[in-house]
Amino acid sequence: MQNRLYVGNLPFDINAQAIEQAFAAHGTVQDVHVVMDRETSRPRGFAFVTMSTDSEAQEAISQMDGVMLGGRALRVNQAEAKPARTGGGGPNRGGGGGGGGGFGGGERRPRY
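Every number in the working numbering is 112 more than the matching position in the sequence shown, counting from 1.
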């Protein structure tokens with residue numbers, strides 16, 4: 113996955129085609145994923161670009177990092193591997209087992 117790049121500080125009105133055109137001068141672009149905001153459905157200002165080879169990815173990093181695109185200086189780095197997600201967190205995502213309140217909870221004792 114060395115050929116996957118993180119591209120940050122993108123203009124918020126950018127699309128995948130414009131990013132692909134900018135990176136195509138440095139090799140074959142296999143994929144462009146513009147990360148979108150879930151609530152507004154607008155770009156969040158960064159994307160991931162997959163080049164066809166590691167050497168093309170390295171050239172794209174050296175040639176595109178700091179380049180102005182749409183009035184903003186791009187940040188281009190090697191994409192880091194996505195960390196494994198650990199469950200939990202967030203609101204209403206379960207909780208403890210709850211007490212045995214009311215009838216039937218707690219320790220059973222003989223009646224007599």
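Think of the CB as a built atom: it goes at the ideal place given N, C-alpha and C, for glycine as much as any other residue.
Distance, residue j Cα to residue i Cα
i       : j       : result
Glu-151 : Arg-220 : 50 Å
Gln-175 : Val-141 : 15 Å
Ala-159 : Ala-193 : 14 Å
Ala-130 : Met-163 : 15 Å
Leu-181 : Ala-191 : 20 Å
Cβ shell of residue i (< 7 Å), same chain only, five flanking positions each side left out
i       : result
Thr-165 : Asn-115, Gly-139
Phe-124 : Arg-154, Pro-155, Gly-157
Cβ neighbours of residue i in the same chain (closer than 6 Å, five flanking residues each side left out)
i       : result
Asn-189 : Tyr-118
Arg-187 : Gly-120, Asn-121
Beta-carbon contacts of residue i that lie in its chain and below 8 Å, excluding the five residues immediately before and after
i       : result
Met-148 : Arg-154, Pro-155, Arg-156
Ala-185 : Asn-121, Gly-178, Val-179
Glu-171 : His-138, Gly-139
Residues that residue i bridges to, as DSSP identifies them
i       : result
Tyr-118 : Phe-160, Asn-189
Met-148 : Pro-155
Met-180 : Ala-185
Asp-125 : According to DSSP, which records beta bridges pairwise, Asp-125 is partnered with nothing at all.
Asp-166 : The partner list for Asp-166 (beta bridge, DSSP) is empty, contrary to what the question assumes.
With 16 other Cβ atoms within 10 Å as the buried cut-off, status of residue i
i       : result
Phe-135 : buried
Ala-137 : exposed
Ala-169 : buried
Ala-196 : exposed
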